[in-house]
Every structure is written in structure tokens, then in C-alpha cells.
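This note's numbering applies: residue 101 is where the sequence shown begins, and numbers increase by one. Each residue gets a CB set at the ideal place from its N, CA and C atoms; glycine is no exception. Every value quoted in this text rests on a predicted model; they were computed, and no experiment measured them.
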Amino acid sequence: MINRRAFIARLTVGALLASRSAGAQPARAMRRIGWLSPASAADGLPNLEALRAGLRELGYVEGRNITIQARWADGRSERLPQLAAELVRLPVDVLCTAGSQASGAAKHATSTIPIVFANVAFPDQTGLVASYPRPGGNITGVAFIGPEYGKRLELLKEVSARLSRVALIYNPDNPGSVSALQETQRWTTALGVRLEPHEFRGPQDFERVFRTIAGKRPDALMTTADPLIASYRTRIVDFAAKHRLLSMYPGREFVDAGGLMFYGGSIPEMYRRAAVYVDKILKGAKPGDLPVEQPIKFDMVINLKTAKTLGLTIPKSLLLRADQIIE
Numbered sequence: 101m102i103n104r105r106a107f108i109a110r111l112t113v114g115a116l117l118a119s120r121s122a123g124a125q126p127a128r129a130m131r132r133i134g135w136l137s138p139a140s141a142a143d144g145l146p147n148l149e150a151l152r153a154g155l156r157e158l159g160y161v162e163g164r165n166i167t168i169q170a171r172w173a174d175g176r177s178e179r180l181p182q183l184a185a186e187l188v189r190l191p192v193d194v195l196c197t198a199g200s201q202a203s204g205a206a207k208h209a210t211s212t213i214p215i216v217f218a219n220v221a222f223p224d225q226t227g228l229v230a231s232y233p234r235p236g237g238n239i240t241g242v243a244f245i246g247p248e249y250g251k252r253l254e255l256l257k258e259v260s261a262r263l264s265r266v267a268l269i270y271n272p273d274n275p276g277s278v279s280a281l282q283e284t285q286r287w288t289t290a291l292g293v294r295l296e297p298h299e300f301r302g303p304q305d306f307e308r309v310f311r312t313i314a315g316k317r318p319d320a321l322m323t324t325a326d327p328l329i330a331s332y333r334t335r336i337v338d339f340a341a342k343h344r345l346l347s348m349y350p351g352r353e354f355v356d357a358g359g360l361m362f363y364g365g366s367i368p369e370m371y372r373r374a375a376v377y378v379d380k381i382l383k384g385a386k387p388g389d390l391p392v393e394q395p396i397k398f399d400m401v402i403n404l405k406t407a408k409t410l411g412l413t414i415p416k417s418l419l420l421r422a423d424q425i426i427e
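Below, the structure is given as C-alpha cells:
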């Protein structure tokens, strides 16, 4: 027989245990998301913020039910394998990657942790996925798959019908950058344009690349989407302005820095869509069964101030189609 004092003591102990158990539940529910980017935090933070915004819309709040462990390569792609390995060792529940090189490093680092990529080009050609409908393995995401490359050349031709030669800066160490070059090249014959590729692996190449382009005097300048190239956008934009070149870029940040035009999939929207994949995977879906998406929103931004400096008249038909005009 239990006396009253012992009974109350048992109730108290039971309540404390229940309280501790309840207090432990949020810790068990906390999911850890890894973020791997070849850029610096200063350059890549807008993309991470877009992912965060997408996660918040789906009910994921940092400090409440998720934590985000971010790793930045600061423009040094050779660091990506080491940073990917760090995230795998933590470990994380899902690993989100920015661009083709980070995605490749993550895939090499783990075959079990789910990987969600964004802002990659032709992942089937670079070996990231088996196919778009069924990527297979532990990886899926949102990718550029094609039409925007030819469209960029078309838009340049609309600005200047006499356009015939276009210099294109690309990173040969980035499989996505190489695929983008090849896809752009595929459109040149139909548009009557000759593409002049220039390899860029780092700031040590600026003098050579700029000297070669200036000597050949093309009609326009383009770059592929590459975090390393984007991190030096101000120097590239300034070079185009100095030599009075038409320019078309794969990222909005180039136009904000003074470049003439941007056309492409909305990169922030790609990272918001990546959050949808994260949500599905945390709820039990297998990444290899989730089809790769391509952007559904494409933006065109024209820097009218730059056009005036170059003495260009942008056709009204083009201005009417622009999502934003910088004046």
C-alpha cells in the first residue's frame, strides 16, 4: 500500500520525466540542412536567402525545426570537395548545392545523403543525373536545360542586326559552363553569328583574355553562368564598357553592376523551388524519384543607362518585353 506522500512523490517524478521528454521533442524534430556554394558569402547570400524564404513558406524556421550549415568556397572551387566532406561528416539530413561544381563535389562526397541542386546547366550531360524524369541515386533539383542560350543571342541580334561576332567567357573547369558554351554554339549557325570562346580559370587570366578580346574586336560580349566568373563581374562589365561592346549576361547581378542586358531563368526562383524538393525529401520522398525541373520564370532586364552611354537605341519592342528597365 502506497501512502499519500509516496504517491505525490511518484506523481512529481512522473511529471518531471514527462516534461523532460516533451522538452526533448523539438531537438529530435530539428533537421539539419547543408548549404554548399563555390561563391563567397557576400556574392552567394542572396541565393541562400531565396532558399530560406522558400523553406519558411513551407513551415521551416531556423532555430525552431531546422538549422542550416553553410559552407562557402570563396571563389576557390578546389576547396569544394573538402567543404562537401565537412558537411557529410556533420552529418546533414539534406545537402543543398549551388551550381554544377558544388553539386559534383557533393555527389562525390556522399551516395546516401540526399542532394538538392539549383542553378546548374545540363546535369544529364555532366553526369549529375541519369535523366531528367528519373535522376536516380541521391540527387535532384532545378536546372537550366536549354532555350535561354539561343535566346540571349537572338536578343543581341535585335539590338544590333549587324551583330556577327560574339566573345564568350567561360570556365573550362566547370562542366556546366562547358555545356553552356556548347549549347550556345549550337544556335550560332541559324542566327548567323560566330562565337569566340575564351577560357577563364581565375584572375590570373584577365590580362590574357581581355587583351585577346580587345585585339579581335568582336561586336558583343557574353559569359556563361559560373560563380567564379560572376565574382569578377565588375571587372568584366567595366571592360565591356571601355571597349564599347554590347553585352548579354546570365545573371541579374551583372546588369546591376552596369552590364547592358540579362536574360535567363530567375535564379532566386530556382532556389525557392529547391526548398520544395527539401520539403518532399524530409517527408520521405527519394531524390532519385523526383524529376529535375527547369525554370518556369524567365526574366529580361535592360540597363538603359548603359545603352545611352554606348550610344545605343534599344528597340521599343524589346523595352516592352523587359521585366525591368534600369534608368
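Using the Cβ count rule (16 or more neighbours within 10 Å means buried), how would you classify residue i?
{"i": "L419", "result": "exposed"}
{"i": "D326", "result": "buried"}
{"i": "P350", "result": "buried"}
{"i": "Q201", "result": "buried"}
{"i": "T324", "result": "buried"}
{"i": "G144", "result": "buried"}
Could you compute how far the alpha carbon of residue i sits from the alpha carbon of residue j?
{"i": "N271", "j": "T167", "result": "33 Å"}
{"i": "E307", "j": "D399", "result": "32 Å"}
{"i": "M370", "j": "L256", "result": "25 Å"}
{"i": "N219", "j": "G315", "result": "33 Å"}
{"i": "I239", "j": "V216", "result": "6 Å"}
{"i": "Y249", "j": "D273", "result": "19 Å"}
{"i": "F362", "j": "Y160", "result": "32 Å"}
{"i": "V378", "j": "G302", "result": "33 Å"}
{"i": "P318", "j": "L228", "result": "34 Å"}
{"i": "M348", "j": "W287", "result": "15 Å"}
{"i": "E283", "j": "G276", "result": "10 Å"}
Please find out if some non-hydrogen atom of the ligand COA comes closer than 7 Å to the beta-carbon of residue i.
{"i": "T334", "result": "This structure does not include the ligand COA; it has no bound ligands of any sort."}
What distance in whole Å lies between the Cβ atoms of residue j and residue i, which are believed to be in contact at a cut-off of 8 Å?
{"i": "G134", "j": "Q169", "result": "5 Å"}
{"i": "I425", "j": "I402", "result": "5 Å"}
{"i": "R265", "j": "R294", "result": "5 Å"}
{"i": "G175", "j": "P138", "result": "7 Å"}
{"i": "G163", "j": "A375", "result": "About 17 Å separates the two Cβ atoms, so there is no contact after all."}
{"i": "F244", "j": "P395", "result": "7 Å"}
What is the DSSP secondary structure of residue i, counted as helix, strand or coil?
{"i": "G227", "result": "coil"}
{"i": "G317", "result": "A small correction: the amino acid at residue 317 is Arg; Gly does not occupy that position in the sequence shown. Three-state result, R317: coil."}
{"i": "T334", "result": "helix"}
{"i": "T312", "result": "helix"}
{"i": "G302", "result": "coil"}
{"i": "F217", "result": "strand"}
{"i": "P138", "result": "coil"}
Ignoring anything shorter than 3 residues, give me the beta strand (DSSP E) runs that lie fully in the segment 262 to 292, in order along the chain. Complete beta strand (DSSP E) runs here, min 3: 265 to 270.
My parser needs the beta strand (DSSP E) runs of 3 or more residues fully inside the segment 344 to 426; what are they? Taking 3 residues as the minimum length, the beta strand (DSSP E) runs contained wholly in the segment 344 to 426 are 346 to 349, 361 to 365, 398 to 403, 424 to 426, in order along the chain.
To test your reading of the DSSP string, which unbroken alpha helix (DSSP H) runs of 4 or more residues are found completely within the segment 151 to 212? 180 to 189, 199 to 209, all fully within the segment 151 to 212.
Which full runs of the alpha helix (DSSP H) of 4+ residues lie inside the segment 229 to 263, going along the chain? Fully contained in the segment 229 to 263 are the following alpha helix (DSSP H) runs of length 4 or more, in chain order: 247 to 259.
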